[in-house]
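Below: the structure, in structure tokens.
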Amino acid sequence: MCGGKGSRMGYVEKPMLSINGVRLIDMAVNEVERAGLEAIFVTSRFTEKTERYLMDRGFEVFRGDGTGYMRDVQKALAEYGLTHPVLTLNSDLYYVVGGIVDRVLSHYFAVDTPALTTVYPNGRHVGINVFDPIFGEQEEEKIILDESTVINIDTPADVERALWMSTLKREKDW
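full-length UniProt numbering numbers the first residue of the sequence shown as 1 and each following residue consecutively.
Below, the structure is given as structure tokens:
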């Protein structure tokens, strides 16, 4: 998912933000490819640079109308006729460690619920979800992730935290 307004960040296209030389959208691509998944990137009129960037690299892009996360998800699912479990991940995540998507998928297939969402210990949503594309209320499993593994970039303070974690990672050769 890469179609948000970025209003808390001054209307910047968050997927195109670079943390120590790596764009957030490229981190999302790496996680998806590492998990061996096919990707459909959902953009909107608010993320035209991101859309061009992905299309220039040959990725499948669906342009939502940008009126809401779930509305854009639903439109993309209908457009592609997806009926199997779907992973959605926000493209404004900084992955401190790799393999988070693999970990989330493993957990999803180990539990008996139609939906899984990721949250931080304080209950704030991370932005990685798996669900069966049956809309309406679904029983949901929650997996708790720590900001030492993935940071949801919503504010300038989150960018600072990601830069700090990136520097630590590079210095300690994690």
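Glycine included, each C-beta is placed from N, C-alpha and C at the ideal position.
The count of Cβ pairs closer than 8 Å, one atom from the stretch 102 to 118 and one from the stretch 129 to 148, reaches three, so the stretches are in contact. If you compare the alpha carbons of V86, G98, G4 and S7 with that of I40, the shortest gap goes to V86.
Here the alpha carbons of D158 and M70 stand approximately 24 Å from one another. Taking C2 as reference, the option from M27, T43, M16 and S18 with the minimal CA-CA separation is T43. For I144, the uninterrupted beta strand (DSSP E) segment begins and ends at E140 to I144. Per DSSP, T43 is one residue of the beta strand (DSSP E) stretching across I40 to T43. DSSP places N30 in the helix class (H, G or I) of the three-state scheme.
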